[in-house]
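The block underneath contains the structure these notes are about, expressed in structure tokens.
Numbering (the numbering used here), first residue to last: 7 to 86.
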């Protein structure tokens, strides 16, 4: 992965992490919009950065955001 793409991926991941924190903070409120955004972000990150080229199991991890974040962090570390 090119250095520029790695930096963009890192920024995308940071944004996803912030939305995940927002979701955790809003436990009592209606969180459907944040959940939808997180779901879209994960799919977009996979497609935009072609992450299945780096980790075939990443599509299975899309359901669990914490696991997904950890997997993407490993991809970034490996390609930095």
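For each residue, glycine too, the CB sits at the ideal point set by N, CA and C.
Just so we're clear, the structure is a prediction, and the values are computed from it rather than from any experiment.
Check                                                                                         : Outcome
Inter-residue Cα distance where the pair is residue 85 and residue 57                         : 12 Å
DSSP state of residue 86 mapped onto helix, strand, coil                                      : coil
Residue 51: first and last residue of the uninterrupted alpha helix (DSSP H) it sits in       : 38-54
C-beta contact flag for residue 41 and residue 22 at 8 Å                                      : no
Same chain, Cβ closer than 6 Å to residue 47, neighbours up to 5 away in sequence not counted : 22
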